[in-house]
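Peer 1: Numbering (mature numbering (1 follows the signal peptide of the UniProt record, and there is no 0)), first residue to last: -26 to -1, 1 to 519.
Structure incoming, see below.
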């Protein structure tokens, strides 16, 4: 792009534009036949390229370019601002059939010729004025003296304040006063917070050791609702470790249901076992309502190699766990109502096989160890409903029957060695050693993990069940916010009632009713003040906490 040429053309166009107002008087004294418009058919506007020709990359906001002005000097300008200026000028010229581009269309050089012609015409007009009115061209001092005379004449004719007061008292003069608009009571609006609420309850079990067997169970239930949808999610994650050689996920399940006020109901069930080696997935979509229940199960086995010594005898073992995991689940969805439950279970036991690295008399494994026999039930339901006004009602619960890491597993080895006596020179004695892999009294839990139900509306939150410290703090916080919000609404309503009373008094046609309306104003103002005091009291109590 020839930046110097383009900038020169822009400068000419701007200069020509500034000259046009100077000849507006002359144009207004010409007939339409005397005006010649060099207007051509409009050209389609095409913006100038924003690509740097040196790098073939778009100009950045901080890029600059050097342009050549009409007088031959150069100037550095912001590239994008300069191109925006070119586009503005190009768009204006295209409307008249001209263009800054040298592509065969009439160019700005024609406008430059017009500009030079206008300058010549201006000189001819000045010369003609001097010839027709010799000696009448006033200098700056003459113009100032003439302006002072005009100002003095205006001051002499302008009425004084005394004159204006006299005219106001003279009934011969009509007085035009604007109509006083009626007072209107302002409408105080207050937008209460939307009715929406969410809750999550969790529980954690963990027992065992990383060097031996360990089991961790983490159930949870989530619920949320608003005026547009209700959502529930139930899930359990079971992690474990095996002899310090393996740590991972034993089983995971998640059931997610979404029920909007309108549109499709969606449910997604996903489950896995042994770090995702076994997976299940069941997505469902339905309109109107959706009900479904199902169950699945599968066998799992996980083992690790293990070396140890029983007394002085080196031995090797393979330790593992095996059994079944399964899931029962179901849900029921209607518009803005959701209910979902899942019941994961497992029956996993430990086992061991041993071998010896040298010949001995004998070896074996004894004991019985329960890794995890558990059955969980997570259930919940909730809905967004209208009972005189909008509210959210829900309940969630979890029940458990757990038997984790109960029993023991051990390895033993024995040998017979000579122990002769005088009476029995071939007598053999037996020596036995034992190695305990694991031994636990077990963790047992049967009962309710969590039980929570609540109703939420603009007045606050009412919760029941097994409430934790966090649950109690949440109820207190929500109820304080609701109380302050209600106080704000009361103040707004009383302020509007006060303004309405003032409106009634100011627009009262019968003056005999004014005392009654004035009493209403006093009563409304006192009530407003009381509401404001109550509001500040609530705020101060909250801040003190």
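All C-beta atoms, glycine included, are put in the ideal place defined by N, C-alpha and C.
How should residue 400 be labelled, buried or exposed, when 16 other C-beta atoms within 10 angstroms of its C-beta is the threshold for buried?
Peer 2: exposed
Peer 1: Since residue 315 contacts residue 297 with CB under 8 Å, what's their CB separation in whole angstroms?
Peer 2: About 23 Å; that fails the 8 Å criterion.
Peer 1: Go through its chain and collect everything with a Cβ distance to residue 498's Cβ below 7 Å, but skip five positions before and after it.
Peer 2: 468, 471, 472, 475
Peer 1: For residue 140, report the span of its alpha helix (DSSP H) as first-last.
Peer 2: Annotation: the continuous alpha helix (DSSP H) that includes residue 140 extends over 135 to 143.
Peer 1: Am I right that residue 171 and residue 198 are in contact with their C-beta atoms under 8 Å? What's the rounded C-beta distance?
Peer 2: 7 Å
Peer 1: Under 7 Å between the Cβ atoms of residue 227 and residue 240?
Peer 2: Not a contact, by the Cβ cut-off of 7 Å.
Peer 1: What is the rounded straight-line gap between the Cα of residue 209 and the Cα of residue 508?
Peer 2: 45 Å
Peer 1: Of the choices 225, 233, 181, 276, whose alpha-carbon is the least far from that of residue 202?
Peer 2: 233
Peer 1: Exposed or buried, what is residue 264 when buried is set at 16 or more other beta-carbons lying within 10 Å of its beta-carbon?
Peer 2: buried
Peer 1: Would you list, in sequence order, the uninterrupted beta strand (DSSP E) runs of no fewer than 3 residues that lie entirely inside the region 204 to 276?
Peer 2: 220 to 234, 239 to 247, 252 to 260
Peer 1: Is there at least one Cβ from chain D nearer than 7 Å to residue 340's Cβ?
Peer 2: Absent from the structure: chain D. Only one protein chain is present.
Peer 1: Using DSSP's beta-bridge definition, name the partner residues of residue 48.
Peer 2: Note: residue 48 sits in a beta bridge opposite 42.
Peer 1: Quick one: is residue 398 buried, meaning 16 or more other Cβ sit within 10 Å of its Cβ, or exposed?
Peer 2: By the neighbour-count rule (16 or more Cβ atoms within 10 Å), residue 398 is not buried but exposed.
Peer 1: Using the Cβ count rule (16 or more neighbours within 10 Å means buried), how would you classify residue 236?
Peer 2: exposed
Peer 1: Any idea what DSSP makes of residue 383, helix, strand or coil?
Peer 2: strand
Peer 1: Report the three-state DSSP secondary structure of residue -7 (helix, strand or coil).
Peer 2: Residue placement at residue -7 is flagged as unreliable, the pLDDT there being 36, under the threshold of 50; the coordinate-derived value follows with that caveat. Helix at residue -7.
Peer 1: Using the three-state DSSP reduction, which class does residue 496 fall into: helix, strand or coil?
Peer 2: helix
Peer 1: Does the distance from the CB of residue 421 to the CB of residue 379 come in under 7 Å?
Peer 2: Not a contact, by the Cβ cut-off of 7 Å.
Peer 1: Are the beta-carbon atoms belonging to residue 369 and residue 310 less than 7 Å from one another?
Peer 2: no
Peer 1: In chain order, what residues of the same chain have a beta carbon less than 6 Å from the beta carbon of residue 351, not counting five sequence neighbours either side?
Peer 2: 317, 373
Peer 1: Please confirm if the region 211 to 228 is in contact with the region 272 to 281, defined as three or more CB-CB distances below 8 Å between the two stretches.
Peer 2: yes
Peer 1: Whole-angstrom Cβ separation of residue 194 and residue 176, contact assumed at under 8 Å?
Peer 2: 4 Å
Peer 1: Quick one: what's got a C-beta closer than 6 Å to residue 174's C-beta in the same chain, skipping five residues either side?
Peer 2: 196
Peer 1: Using the Cα positions of residue 120 and residue 128, report the straight-line distance between them to the nearest angstrom.
Peer 2: Each residue's alpha carbon lies about 13 Å from the other.
Peer 1: Using 7 Å as the threshold, is the C-beta distance between residue 339 and residue 385 below it?
Peer 2: Yes, Cβ-Cβ distance for residue 339 and residue 385 is below 7 Å.
Peer 1: Which residues does DSSP pair with residue 171 in a beta bridge?
Peer 2: 199
Peer 1: From which residue to which residue does the beta strand (DSSP E) around residue 290 run?
Peer 2: 287 to 308
Peer 1: Compare the Cα-Cα distances from residue 284 to each of 301, 407, 344 and report the closest residue.
Peer 2: 407
Peer 1: Determine the burial state of residue 295: buried for a count of at least 16 other Cβ atoms within 10 Å of its Cβ, exposed for fewer.
Peer 2: Buried is the call here.
Peer 1: Name the residue from 395, 293, 313 whose alpha carbon lies nearest to the alpha carbon of residue 267.
Peer 2: 313
Peer 1: Find out if the Cβ-Cβ distance for the pair residue 383, residue 326 is shorter than 7 Å.
Peer 2: yes
Peer 1: Cα separation between residue 63 and residue 99?
Peer 2: 30 Å
Peer 1: Below 8 Å on the Cβ atoms is my guess for residue 211 versus residue 192; work out the distance and round it to an integer in Å.
Peer 2: 5 Å
Peer 1: Between the C-alpha atoms of residue 302 and residue 34, what's the straight-line distance to the nearest angstrom?
Peer 2: One C-alpha to the other measures close to 60 Å.
Peer 1: Leaving aside the five residues before and after residue 394 along the sequence, list all residues of the same chain whose C-beta is less than 7 Å from its C-beta, in chain order.
Peer 2: 400, 401
Peer 1: Figure out for me which residue from 418, 413, 389, 411 has the closest Cα to the Cα of residue 405.
Peer 2: 389
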